[in-house]
């Protein structure tokens, strides 16, 4: 079944932020906060004439860079540390021990990923501040990068992925599935074969003389036919989604936000892989329950009698239990995004070192 009344359905194509979620704040707004803190780190001191004085005290450029980075990180910590503590307390009060252990491991990996993401912006901001002669130019360059990363790249990547791997429209998808569902010739053939087998087995002229509920057999054959149709059509649909997601992850080469978003969704359990895992588990449970109901009809329905199932039937239906995949399972599916994000962090750190080493004191 398809999701309905999703918030995304109320958003226009030009909307970017929509609901201001925690992920949106961390991925888009906090980098802007970092830029505002770091852009005058070197350029501002150069304009004020204090950079030359600091370097004349014997402070190495690498130590100065490290100090500036720690200063920006300290300002961020004042905001992030209390929020993180509150989040951990909320997890402890909400989940039991087993779920909490899995959530803590995912949260720790997610925190490490965001730390890597923030390193990218701290290093790039300090590199721009050291490279450009004025703080104004540094700010303009950093804001341009932020706009490309937060506004332009996600939209371009989404459009490119959709153009490369086109999805059928909802009407086309439903029409194709309904067409295959309505083609019941194979089901009718199998039902006719089962009817003939039962009549021969019980030496009967019609199904009223057969001591089983044939409608249960017919219902199960219809279920098997529908299951094959659903598996085929939704399997193709999910394959297109997978290719689109792969293209989006490759966009992390151009914008670190795309790599971070993929990692964040994977560790939060809201990506396509987790969705498919849950859908498969729920569908397997539904099919098992439906098979039990049809089997009970076969065993207990009799010709000329009203079939009513008692509480004992429902007591035999197992409870649906979904086991969330481990954090390692999620990380294996996000390996490319992790590599791209780490690459961005290394590249940004190198640029910062080069820019600080070559910057002028005046």
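In this note's numbering, the protein residues as written are 490 to 851. Each residue gets a CB set at the ideal place from its N, CA and C atoms; glycine is no exception.
Tell me whether residue i counts as near the ligand SAM, meaning its Cβ is closer than 7 angstroms to at least one heavy atom of that ligand.
i, result
"residue 594", "The ligand SAM is not part of the structure shown, which contains no ligands of any sort."
Output the boundary residues of the alpha helix (DSSP H) element that contains residue i.
i, result
"residue 851", "Taken as a continuous stretch (DSSP letters only), residue 851 belongs to no alpha helix (DSSP H), as it is neither H nor E."
"residue 524", "519-527"
"residue 646", "642-653"
"residue 661", "659-671"
"residue 718", "703-739"
"residue 823", "Counting along the chain, residue 823 falls outside any alpha helix (DSSP H), and DSSP gives it neither H nor E."
"residue 760", "That residue, residue 760, is in no alpha helix (DSSP H); it is neither H nor E in DSSP."
"residue 686", "674-690"
"residue 537", "532-537"
"residue 802", "800-805"
Indicate whether residue i and residue j have their beta-carbon atoms separated by less than 8 angstroms.
i, j, result
"residue 528", "residue 631", "yes"
"residue 598", "residue 816", "yes"
"residue 838", "residue 612", "yes"
"residue 706", "residue 787", "yes"
"residue 789", "residue 702", "yes"
"residue 736", "residue 642", "no"
"residue 540", "residue 534", "yes"
"residue 753", "residue 516", "yes"
"residue 514", "residue 610", "no"
"residue 778", "residue 718", "no"
"residue 699", "residue 708", "no"
"residue 770", "residue 811", "yes"
"residue 729", "residue 645", "no"
"residue 716", "residue 776", "yes"
"residue 697", "residue 807", "no"
"residue 658", "residue 536", "no"
"residue 460", "residue 800", "Residue 460 is absent from the structure shown; the chain starts at 490 and stops at 851."
"residue 781", "residue 805", "yes"
Taking residue i and residue j to be in contact with their CB atoms under 8 angstroms, please state how far apart those CB atoms are, rounded to whole angstroms.
i, j, result
"residue 531", "residue 813", "Residue 531 to residue 813, Cβ: 46 angstroms. No contact."
"residue 635", "residue 521", "6 angstroms"
"residue 714", "residue 675", "7 angstroms"
"residue 553", "residue 845", "7 angstroms"
"residue 834", "residue 561", "Actually they do not touch by this definition, with Cβ atoms about 15 angstroms apart."
"residue 680", "residue 712", "About 12 angstroms; that fails the 8 angstroms criterion."
"residue 616", "residue 840", "4 angstroms"
Let me know the secondary structure DSSP gives residue i once reduced to three states.
i, result
"residue 623", "coil"
"residue 790", "coil"
"residue 813", "coil"
"residue 430", "Residue 430 cannot be examined here, being either before or after the span of the chain that is shown, 490 to 851."
"residue 773", "helix"
"residue 513", "helix"
"residue 743", "coil"
"residue 587", "Below a pLDDT of 50, predicted positions are generally treated as unreliable, and residue 587, at 49, falls in that range; no measurement from the model is reported."
"residue 695", "coil"
"residue 571", "helix"
"residue 548", "coil"
"residue 795", "coil"
"residue 598", "helix"
"residue 656", "coil"
With distances taken from CA atoms, which of the options is nearest residue i?
i, options, result
"residue 745", "556, 572, 547, 832", "832"
"residue 650", "851, 731, 808, 754", "731"
"residue 830", "563, 628, 790, 749", "749"
"residue 600", "627, 569, 578", "569"
"residue 755", "820, 579, 787, 648", "820"
"residue 826", "542, 596, 606, 559", "606"
"residue 843", "550, 541, 540, 544", "550"
"residue 633", "771, 648, 614, 701", "614"
"residue 851", "845, 622, 689, 678", "622"
"residue 824", "766, 739, 719, 801", "739"
"residue 761", "733, 777, 644, 798", "733"
"residue 758", "573, 596, 785, 664", "596"
"residue 724", "662, 679, 710", "662"
Chain B beta carbons: is any one of them nearer than 8 angstroms to that of residue i?
i, result
"residue 759", "Here chain B cannot be found, since the structure has a single protein chain."
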